[in-house]
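Peer 1:
Right under this line is the structure:
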């Protein structure tokens, strides 16, 4: 069973894909849901600075702040509010110098370089850092020489830094100036997600159309960072002790930093491959919901042939039973020219029945509300929601765990930055192109493992049949006959069985994942019957030949006395049976390449066939002596054994092709699947039952959410989603999410 895994792992290693747990490669062959991080996975690792949108503070002429014009050039004299936004983005980061080179988050580096400020940490050498490690030495920031008069200071010191937190969605720094009139004059600069910064700002400093601008940029796929500040009356000692929540409040909004995060060139093709193979693709990101949806539409996770909806919540609105109000609204679909309508081209009724006609998107805050207040719809939500935005690392872990409870086999693909869920997923990859490769190799390994198992099972049963026939006449195969079969024939073939590479494409139908499936059992039993019948026929045929001589064992018999004509004929016939088994179970497309691509296995089959023909038809004296068997005296009779072997092999091939592959794997399995899908009490995967029930439209959410602009269809079955599977969902998963708060 390890043959498929070992060879698949070797092929992956040649492609620079390294598996930290090779034992789960077979599991990769059963993957039917792929979760992707966005930044650095679906999109490029780096960001491009696009523009800055400063905010004009309230004044005598305007009661509320307003957005200024977009600008890509950070010129202090053209900025409102004394260019505080430039000072903020120059100071609010976690950059540091290592060996004189500025290092840190790529986003911070890009934005900081736009300001043309300089950063000085004092210690420029390793010796200085070592000798002064216990001294508090703040980071010093200096504006360009020409702008220092504008800022009224030559340098600014970062007194304290509150590091970025995924849960808080922000970071901040407290900055002081040596040129300040009072040592109590400090400023906190804070940057983070637009939603979080909005909740921390004084409403008077926020433009009335703030969310409109945020949504406009997000819908075009831009990544947004909001920047805010606040004057503090603190001295140096107080700044080191003040709680974070006390200073990150009543902020003044300074503006928006707009970054462009381009989709990788390979992303669309990979997502298209997975969609074509009917593998569900899910985006799980910490970015803005509309930005995530824009990227999802561009790369094909949100499909053009399905409607897309946003599931949101209203924090300040409650239902009569005290739960937070949920809302559902339709979102613009992707460009219909970009992707193929897969549902219309479905190959069979099963695919159409298991295809959801819509997709949901949800943000982490709404997700937390649902897990706490609407646990009865979690199953349904997980089955049809394909974009999860503003997700904390713990929520990503919870999501993957929950998808597994719906009987999905889930993979998680990301760069691993601040993402604990990658430790729980099936595999880790650095490039999204590896995902189809890993799945194809997993399918090939799975088919190979099953093929080796069936080969060894049939080989053992065929040998057992031969021995039973010999025992009937108180004879047996000799030791060297057993040795030839076990060592030279079976082991030699099994050694190269797994060398066949994976197919070059992902098939729409996944391989069987159960070893004791109907196809496997019928295949083993059917081949056993064919081989037993052939051996019994040749056994009876030998006993009726005029040259046949019955070997009668004495009480003091030795191994050489085990020789008999029945044993010779049966053994020669079985040699070809073992060889054809390797050919039959070396399954090719749609999961593996043809056997002709496995040159070593072809060589092994050709060599063993040639040697077996030589032993059967033209055995030399030393071969007969070594194998200790009674040769069949006439060439015509030996040739008849070969003809019977060929006929047996032909029947085996036709049985495998017609009965197993056509009747059982295709027609019977398709009929059984449709029958199960039409029977609500059947044992189909949980997610399939959910899609069958709610996959046609989003009206099932009308019981729990306000559906905006969508005609709600009345329910006809009175079915409550909580009891769709007759089980209450796992309490431990609900307990995990109780720790989360709406973001």
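Numbering (our numbering), first residue to last: 31 to 773. Beta carbons: idealized from backbone N, C-alpha and C, even for Gly.
By the three-class DSSP mapping on this structure, what secondary structure does residue 338 have?
Peer 2: Locating residue 338 in the chain shown gives position 308, where the first residue counts as 1. Residue 338 falls in the strand class under three-state DSSP.
Peer 1: Quick test of the definition: if touching needs 3 or more C-beta pairs under 8 Å, does the region 272-281 touch the region 221-233?
Peer 2: Yes, since at least three Cβ pairs between the region 272-281 and the region 221-233 fall closer than 8 Å, the two stretches touch.
Peer 1: By alpha-carbon positions, which one of 176, 104, 178, 179 ends up nearest to residue 142?
Peer 2: Stepping through the chain shown from its first residue, residue 142 is reached at position 112. When each option's Cα is compared against that of residue 142, the closest is 104.
Peer 1: What are the uninterrupted segments assigned as beta strand (DSSP E) that are 3 or more residues long and contained completely in the region 219-299, given in chain order?
Peer 2: The qualifying runs are 252-263, 282-290.
Peer 1: Between which two residues does the alpha helix (DSSP H) carrying residue 667 extend?
Peer 2: Locating residue 667 in the chain shown gives position 637, counting from the first residue. Segment 665-684, the alpha helix (DSSP H) holding residue 667.
Peer 1: Give the secondary structure of residue 361 by DSSP, where H, G and I count as helix, E and B as strand, and everything else as coil.
Peer 2: As a working note, residue 361 is residue 331 in the chain shown. In this structure, residue 361 counts as strand in the three-state DSSP scheme.
Peer 1: Which residue comes first and which comes last in the alpha helix (DSSP H) that contains residue 120?
Peer 2: Start at 1 with the first residue of the chain shown, and residue 120 comes out as number 90. Run containing residue 120: 114-121, per the alpha helix (DSSP H) assignment.
Peer 1: Between the C-alpha atoms of residue 220 and residue 188, what's the straight-line distance to the nearest angstrom?
Peer 2: Here residue 220 is taken as the residue at index 190 of the chain shown, counted from 1. Here residue 188 is taken as the residue at index 158 of the chain shown, counted from 1. If you take the alpha carbons of residue 220 and residue 188, they lie about 13 Å apart.
Peer 1: Does DSSP put residue 751 in a helix, a strand or coil?
Peer 2: As a working note, residue 751 is residue 721 in the chain shown. Note on residue 751: pLDDT 35, under 50, position unreliable in the model; no value is reported.
Peer 1: Identify whether residue 409 lies in helix, strand or coil by the three-state DSSP scheme.
Peer 2: Residue numbering aside, residue 409 sits at position 379 when the chain shown is read from its first letter. Looking at residue 409 - three-state DSSP - the assignment turns out to be helix.
Peer 1: Rounded to whole angstroms, what's the CA-CA distance from residue 755 to residue 414? Just pull it up for me.
Peer 2: The count along the chain shown starts at 1 and reaches residue 755 at position 725. The count along the chain shown starts at 1 and reaches residue 414 at position 384. Legend: pLDDT at residue 755 = 39, less than 50; position of this residue unreliable, no value from coordinates given.
Peer 1: Over what stretch of residues does the beta strand (DSSP E) that includes residue 736 continue unbroken?
Peer 2: Along the chain shown, one-based indexing puts residue 736 at 706. Residues 735-738.
Peer 1: Between residue 626 and the rest of its own chain, which residues show a CB-CB distance below 8 Å, the 5 nearest in sequence each way excluded?
Peer 2: Along the chain shown, read from residue 1 onward, the residue named residue 626 stands at position 596. Here the set comprises 632.
Peer 1: Going by the CB atoms, is the gap between residue 568 and residue 671 shorter than 8 Å?
Peer 2: The residue given as residue 671 occupies position 641 in the chain shown. The residue given as residue 568 occupies position 538 in the chain shown. Contact flag set, yes.
Peer 1: For residue 701, count the other beta carbons within 10 Å of its own beta carbon; 16 or more makes it buried, fewer makes it exposed. Which is it?
Peer 2: Taking the chain shown and counting its residues from 1, the one referred to as residue 701 is at position 671. Counting Cβ neighbours within 10 Å, residue 701 comes out exposed, since fewer than 16 surround it.
Peer 1: Should residue 465 and residue 64 be called a contact, given that it needs their Cβ atoms to be closer than 8 Å?
Peer 2: Numbered from 1 along the chain shown, position 435 holds the residue referred to as residue 465. Numbered from 1 along the chain shown, position 34 holds the residue referred to as residue 64. Going by C-beta atoms, residue 465 is nearer than 8 Å to residue 64.
Peer 1: What residue range is occupied by the uninterrupted alpha helix (DSSP H) comprising residue 58?
Peer 2: Here residue 58 refers to the residue found at position 28 of the chain shown. Per DSSP, residue 58 belongs to the alpha helix (DSSP H) from 55-58.
Peer 1: DSSP three-state label for residue 373, please.
Peer 2: As a position in the chain shown, residue 373 is number 343, starting the count at 1. Residue placement at residue 373 is poorly supported in this model, since its pLDDT is 40, which falls under 50; the coordinates still yield a value, given next. Coil at residue 373, not helix or strand.
Peer 1: Do residue 436 and residue 726 have their C-beta atoms closer together than 8 Å?
Peer 2: The residue labelled residue 436 in the question sits at position 406 within the chain shown. The residue labelled residue 726 in the question sits at position 696 within the chain shown. Result no, Cβ atoms of residue 436 and residue 726 do not sit closer than 8 Å.
Peer 1: By the three-class DSSP mapping on this structure, what secondary structure does residue 64 have?
Peer 2: Residue numbering aside, residue 64 sits at position 34 when the chain shown is read from its first letter. If DSSP states are grouped into helix, strand and coil, residue 64 belongs with the strands.
Peer 1: Start and end of the beta strand (DSSP E) containing residue 389?
Peer 2: In the chain shown, residue 389 corresponds to position 359, counting from 1. That run of the beta strand (DSSP E) goes 388-393.
Peer 1: Using a 10 Å radius around the Cβ and a threshold of 16 neighbouring Cβ atoms, would you call residue 470 buried or exposed?
Peer 2: Numbered from 1 along the chain shown, position 440 holds the residue referred to as residue 470. Buried.
Peer 1: State the start and end residues of the unbroken beta strand (DSSP E) segment that holds residue 574.
Peer 2: Walking along the chain shown from the start, residue 574 turns up at place 544. Note, residue 574: premise wrong, no beta strand (DSSP E); not H, not E.
Peer 1: Report yes if the CB atom of residue 601 is closer than 8 Å to the CB atom of residue 507, and no otherwise.
Peer 2: By one-based count along the chain shown, residue 601 stands at place 571. By one-based count along the chain shown, residue 507 stands at place 477. Yes; because the gap between Cβ atoms is below 8 Å, this pair is in contact.
Peer 1: Which same chain residues, not among the five before or five after residue 204, have their C-beta less than 6 Å away from its C-beta?
Peer 2: To locate residue 204, count along the chain shown from 1; it is residue 174. 189, 190, 216, 218, 269, listed in sequence order.
Peer 1: If you measure between the beta carbons of residue 333 and residue 389, is that distance less than 8 Å?
Peer 2: Here the question's residue 333 lines up with position 303 in the chain shown. Here the question's residue 389 lines up with position 359 in the chain shown. For residue 333 and residue 389, yes; Cβs fall inside 8 Å.
Peer 1: So, with DSSP's three-state summary, where would you put residue 301?
Peer 2: Translated into positions along the chain shown, residue 301 becomes position 271. In this structure, residue 301 counts as helix in the three-state DSSP scheme.
Peer 1: On a CA-only basis, which of 171, 96, 538, 88 is nearest residue 123? Give me that one, please.
Peer 2: Within the chain shown, numbered from 1, the residue matching residue 123 stands at position 93. The candidate whose alpha carbon is nearest that of residue 123 is 171.
Peer 1: Between residue 168 and residue 121, what straight-line distance do the alpha-carbon atoms span, to the nearest angstrom?
Peer 2: The residue labelled residue 168 in the question sits at position 138 within the chain shown. The residue labelled residue 121 in the question sits at position 91 within the chain shown. Approximately 12 Å between the Cα atoms of the pair.
Peer 1: Residue 67 to residue 326, Cα distance in whole Å?
Peer 2: For this step, residue 67 is matched to residue 37 along the chain shown. For this step, residue 326 is matched to residue 296 along the chain shown. Near 11 Å, if we compare the C-alpha coordinates of residue 326 and residue 67.
Peer 1: Buried or exposed: which applies to residue 271, given that a residue is buried once 16 or more other Cβ atoms fall within 10 Å of its Cβ?
Peer 2: As a position in the chain shown, residue 271 is number 241, starting the count at 1. So residue 271 ends up on the exposed side.
Peer 1: In this structure, does DSSP put residue 89 in helix, strand or coil?
Peer 2: Walking along the chain shown from the start, residue 89 turns up at place 59. Coil.
Peer 1: Pull up the CB-CB distance for residue 236 and residue 257, whole angstroms please, since I reckon it's below 8 Å.
Peer 2: By 1-based counting over the chain shown, the position of residue 236 is 206. By 1-based counting over the chain shown, the position of residue 257 is 227. Between residue 257 and residue 236 the Cβ distance is about 12 Å, and since that is not below 8 Å, they are no contact.
Peer 1: Could you tell me whether the Cβ atoms of residue 308 and residue 477 are closer together than 8 Å?
Peer 2: In the chain shown, residue 308 corresponds to position 278, counting from 1. In the chain shown, residue 477 corresponds to position 447, counting from 1. In this structure, residue 477 does not lie closer than 8 Å to residue 308 by Cβ.
Peer 1: Any idea which residues DSSP pairs residue 191 with across the strands?
Peer 2: On the chain shown, position 161 is the one that residue 191 refers to. Paired residues: 203.
Peer 1: Going by the DSSP bridge assignment, what does residue 356 pair with across the sheet?
Peer 2: Translated into the one-based positions of the chain shown, residue 356 becomes position 326. Its beta-bridge partners are 343, 735.
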